[in-house]
Amino acid sequence: MDLFDLPGASSGPDSPDSPDSPVCSAKGCRAPAVWVLAWNNPKLHTPERRKTWLACDEHREHLSSFLGVRGFLKDVVTLAAWERDNSAADG
Numbered sequence: 125m126d127l128f129d130l131p132g133a134s135s136g137p138d139s140p141d142s143p144d145s146p147v148c149s150a151k152g153c154r155a156p157a158v159w160v161l162a163w164n165n166p167k168l169h170t171p172e173r174r175k176t177w178l179a180c181d182e183h184r185e186h187l188s189s190f191l192g193v194r195g196f197l198k199d200v201v202t203l204a205a206w207e208r209d210n211s212a213a214d215g
């Protein structure tokens with residue numbers, strides 16, 4: 125999976141100051157993403173499928189709670205760890 129396929133992300137350089145860097149998925153937030161929230165809706169997705177939201181430090185807990193109360197949240201990891209783990213899996 126390419127990092128820039130994540131919601132709230134667009135392709136471009138990795139610099140945190142770049143307007144094309146991945147940003148938080150919270151409505152109206154344009155802060156740089158720090159966290160990846162991996163989730164799935166068991167009524168719609170197979171158990172191994174993972175959808176993702178990105179979060180800044182400020183919105184991580186709110187977005188995690190939103191997914192958690194619905195039973196959708198599967199994992200919360202740093203964006204750096206997600207990139208590292210997924211680039212190792214791709215190559």
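Here the sequence shown stands for residues 125 to 215, numbered as in the numbering used here.
Note that the Cβ used here is the ideal one computed from N, Cα and C, for glycine as well.
Just so we're clear, the structure is a prediction, and the values are computed from it rather than from any experiment.
- Within the DSSP bridge table, the entry for TRP177 names LEU161 as partners.
- Note on geometry: alpha-carbon atoms of CYS180 and THR170 lie some 27 angstroms from one another.
- Annotation: the continuous alpha helix (DSSP H) that includes VAL193 extends over 184-193.
- Per the coordinates, the alpha-carbon of ALA212 lies some 32 angstroms from the alpha-carbon of GLY152.
- Sorting SER145, ALA162, PRO156 by C-alpha distance to the C-alpha of LEU187 places ALA162 at the top.
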